[in-house]
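Each step along the sequence shown adds one to the number in numbering that gives the first Met the number 0, with nothing skipped, and position 296 is 295.
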Amino acid sequence: MKSYFIACILLLSLLRVQASTTDSLAMLIKQAKTDTQKISYTIQFAEHMLDVNPDSALSILYSLNSTLNKKFPSLSDSAEKNVYLNYTQKVYNDLGYYYAVTGGLDSSLMYFEKCLAIAKKQDNVQHMAEIYNNLGFVAHRKGDIYLALDYYLKSLKIKEQYSNDADIALAYNNVATIYLNQKEYKKAIEYFKKSVELLSKTDNERNLSVILHNLGHAYLKTKDFDKAEEILLQSKALKLKHSLQNLLPPTLMDLGDVYINKKEYDKAQQQFEQALVLSEELKNKESYTNALVRMANVLYYKGDLNQALNYAKKAKINADKLNYPDLKKESALVLSRIYNQLKDYKKSYQFYQEYIAYRDSLFNEELRENTIKKQLSFEYQRKRLADSLAIAKEKALQQLTLEKKQAELENEKTTKRALFIGVILLVIIIALIVYSFSKTKQANKLIKKQKLIVEQKNTEITDSINYAKRIQDAVINRNEVNIYFPDHFVLFKPKDIVSGDFYWSKSFE
0 MKSYFIACIL
10 LLSLLRVQAS
20 TTDSLAMLIK
30 QAKTDTQKIS
40 YTIQFAEHML
50 DVNPDSALSI
60 LYSLNSTLNK
70 KFPSLSDSAE
80 KNVYLNYTQK
90 VYNDLGYYYA
100 VTGGLDSSLM
110 YFEKCLAIAK
120 KQDNVQHMAE
130 IYNNLGFVAH
140 RKGDIYLALD
150 YYLKSLKIKE
160 QYSNDADIAL
170 AYNNVATIYL
180 NQKEYKKAIE
190 YFKKSVELLS
200 KTDNERNLSV
210 ILHNLGHAYL
220 KTKDFDKAEE
230 ILLQSKALKL
240 KHSLQNLLPP
250 TLMDLGDVYI
260 NKKEYDKAQQ
270 QFEQALVLSE
280 ELKNKESYTN
290 ALVRMANVLY
300 YKGDLNQALN
310 YAKKAKINAD
320 KLNYPDLKKE
330 SALVLSRIYN
340 QLKDYKKSYQ
350 FYQEYIAYRD
360 SLFNEELREN
370 TIKKQLSFEY
380 QRKRLADSLA
390 IAKEKALQQL
400 TLEKKQAELE
410 NEKTTKRALF
420 IGVILLVIII
430 ALIVYSFSKT
440 KQANKLIKKQ
450 KLIVEQKNTE
460 ITDSINYAKR
470 IQDAVINRNE
480 VNIYFPDHFV
490 LFKPKDIVSG
500 DFYWSKSFE
């Protein structure tokens with residue numbers, strides 16, 4: 000895998016197998032018998048030059064891109080079109096790589112997105128993993144840490160399914176850098192160690208030197224300076240062994256930081272000066288700016304404030320041009336310290352406020368929580384992807400369990416529904432009974448009341464009738480009749496107590 004260091008020590012990917020030397024590649028290009036062979040070897044040559052002379056690689060890549068764009072529309076064979084599409088994808092990725100390492104992040108993002116579109120069109124998940132890694136790199140450099148972690152975890156998820164140890168190690172490395180920047184040092188060291196363990200099984204000493212540096216950097220952050228020095232010296236030895244000059248500056252700078260903390264300032268300055276020279280030769284603006292910050296720091300500690308101020312001012316100008324939040328933060332901090340010692344408190348306060356603003360934008364609790372959530376989500380998903388057979392069995396078991404649970408839930412729902420309906424019906428019946436009882440009670444009261452009224456009326460009527468009978472009896476004087484008609488009888492059988500028939504008698508003198 001192709002890699003490149005920055006302050007936070009990330010790895011980028013190229014979609015290729017490294018060729019041996021510049022001369023052998025140049026010979027292969029000359030001997031190529033077909034256009035496709037020539038293009039293939041030229042791409043490999045450009046990728047090799049990205050390590051040696053990035054600007055030369057850029058001109059080759061632009062030429063390749065122009066050739067491919069002209070050639071592709073004239074192709075009719077689908078297989079040949081697919082070959083040229085693969086070449087176009089590689090060129091886009093290499094251009095994205097170039098701009099990523101030289102500070103052109105917007106251009107880098109554009110080319111990586113074009114590359115991802117082709118990988119998705121071809122359904123090439125392994126290439127997608129590499130491009131997600133590179134997009135994570137760009138997002139990280141732009142300061143969007145949450146998006147960067149999202150891309151890195153997508154890359155790692157695919158690589159753990161399809162890739163080899165070296166590729167997985169690269170993904171572990173980039174996830175670890177997120178935790179490192181979020182000050183989750185324990186988690187960062189855990190992932191860096193996983194990466195070192197995997198790479199130690201391969202012969203890829205180039206990337207091993209990268210990850211060892213990262214691990215040393217993490218120990219530096221935890222203030223374990225002896226362990227940091229030990230690991231960083233291992234990284235430096237591997238880089239010198241393989242003449243990886245472009246990868247040396249970050250290791251030299253971290254060693255310098257170790258020596259500053261050990262108060263070995265001359266040793267530290269020696270490391271920073273070497274890093275500054277190498278970065279300038281490599282035309283690596285970010286690394287050069289980092290070295291300027293480190294030189295300003297060591298001169299500040301040595302008490303050479305005027306020289307320190309010169310380096311710090313250069314660093315701040317470069318950091319603003321590159322628009323890298325990390326570099327802006329570090330250059331502002333060293334300027335604040337220097338101006339404070341020079342008793343220019345206004346400028347010291349101004350740069351300290353700037354440092355605080357960049358620090359808070361790069362590290363806050365919300366980002367930290369999102370990082371932890373993403374990692375937990377990823378850990379869960381990764382366990383489910385252990386191997387295809389285990390996954391199949393697990394899925395079958397999960398399906399059975401799920402179906403069983405669904406059946407239980409359905410039964411439970413049915414029981415609950417039946418119980419609910421039964422309770423509702425019972426409530427309705429009770430309500431009806433209560434209502435009926437209430438109505439009956441009211442009716443009984445009404446009947447009783449009406450009965451009393453009727454009885455009262457009957458009594459009144461009976462009394463009236465009896466009174467009428469007395470009146471009638473008074474009118475029909477039987478004693479008088481008995482006097483005048485001793486032997487008589489009266490046939491008088493009224494239907495009711497009072498009759499409508501009358502008879503009377505009267506005597507005259």
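The beta-carbon is built from N, C-alpha and C at its ideal position, and this holds for glycine as well.
Between residue 310 and residue 291, the C-beta gap is smaller than 7 Å, which places the two residues in contact. The beta carbon of residue 287 sits closer than 6 Å to the beta carbons of 278 and 279 from its chain, once the five residues preceding and following it are set aside; these are given in chain order. Note that the segment 207–215 touches the segment 235–250; at least 3 beta-carbon pairs, one per stretch, sit closer than 8 Å. In this structure, DSSP gives residue 125 a helical state, which the three-state scheme calls helix. Between the beta-carbon of residue 153 and that of residue 131 there is about 4 Å, and that keeps the pair under the 8 Å contact cut. Within the same chain, 346 and 347 come within 6 Å of residue 338 by CB-CB distance, once the 5 residues on both sides are set aside. Residue 164 has its alpha-carbon roughly 13 Å from the corresponding atom of residue 192. Between the alpha carbons of residue 124 and residue 266 lies a distance of about 47 Å. DSSP places residue 324 in the uninterrupted alpha helix (DSSP H) bounded by 324–340. DSSP, reduced to helix, strand and coil, places residue 52 outside both helices and strands of the structure shown, so it counts as coil. In this structure, DSSP gives residue 187 a helical state, which the three-state scheme calls helix. In its chain, beyond the 5 residues on either side, 28 and 31 have a beta carbon closer than 7 Å to the beta carbon of residue 37.
The beta carbon of residue 105 sits closer than 7 Å to no other beta carbon from its chain once the five residues preceding and following it are set aside.
The beta carbons of residue 91 and residue 110 sit closer together than 7 Å.
Here the C-alpha atom of residue 197 lies approximately 10 Å from the C-alpha atom of residue 203. No beta strand (DSSP E) of 3 residues or more sits fully in the segment 143–194. Apart from sequence neighbours up to five positions away, the residues of its chain that approach residue 114 with a beta-carbon distance below 7 Å are 88, 91, 92, 95 and 130, ordered along the chain. Spatial neighbours of residue 330 in its own chain (CB-CB distance under 7 Å, excluding positions within 5 residues in sequence) are listed in chain order as 292, 311, 314, 315 and 318.
The Cβ neighbour count for residue 228, taken over all protein chains shown within 10 Å, is at least 16; the residue is labelled buried.
Between the beta-carbon of residue 304 and that of residue 341 there is about 6 Å, and that keeps the pair under the 8 Å contact cut.
Judged by DSSP secondary structure, residue 255 falls within the alpha helix (DSSP H) whose first and last residues are 247–260. When secondary structure is reduced to three states using DSSP, residue 33 falls in the coil class, being assigned neither helix nor strand. For residue 263, no alpha helix (DSSP H) encloses it, and the DSSP letter there is neither H nor E. Cβ-Cβ separation between residue 102 and residue 284: approximately 5 Å, consistent with a contact (criterion under 8 Å). Taking residue 147 as reference, the option from 167, 180 and 218 with the minimal CA-CA separation is 180. Here residue 145 is actually not in contact with residue 173; their C-beta atoms are around 14 Å apart, not less than 8 Å. Considering only 261, 260, 60 and 294, the residue with the shortest C-alpha distance to residue 270 is 294. Between the C-alpha atoms of residue 456 and residue 437 there is a straight-line separation of about 28 Å.
Assigned with DSSP and collapsed to three states, residue 220 falls in helix. Taking all protein chains in view, the Cβ of residue 408 is surrounded by fewer than 16 other Cβ atoms within 10 Å, so the residue is classified as exposed. Setting aside the 5 residues that flank it on each side, residue 77 has no residue in the same chain whose C-beta is closer than 6 Å to its C-beta.
The same chain holds no residue with a CB closer than 8 Å to that of residue 453 once the five nearest residues on each side in sequence are set aside. Boundaries of the alpha helix (DSSP H) harbouring residue 106: 104–120, taken from the DSSP string.
In its chain, beyond the 5 residues on either side, 111 and 150 have a beta carbon closer than 6 Å to the beta carbon of residue 134.
Here residue 286 carries a helix assignment [DSSP, helix/strand/coil].
As the crow flies, the alpha-carbon of residue 176 is around 10 Å from that of residue 136.
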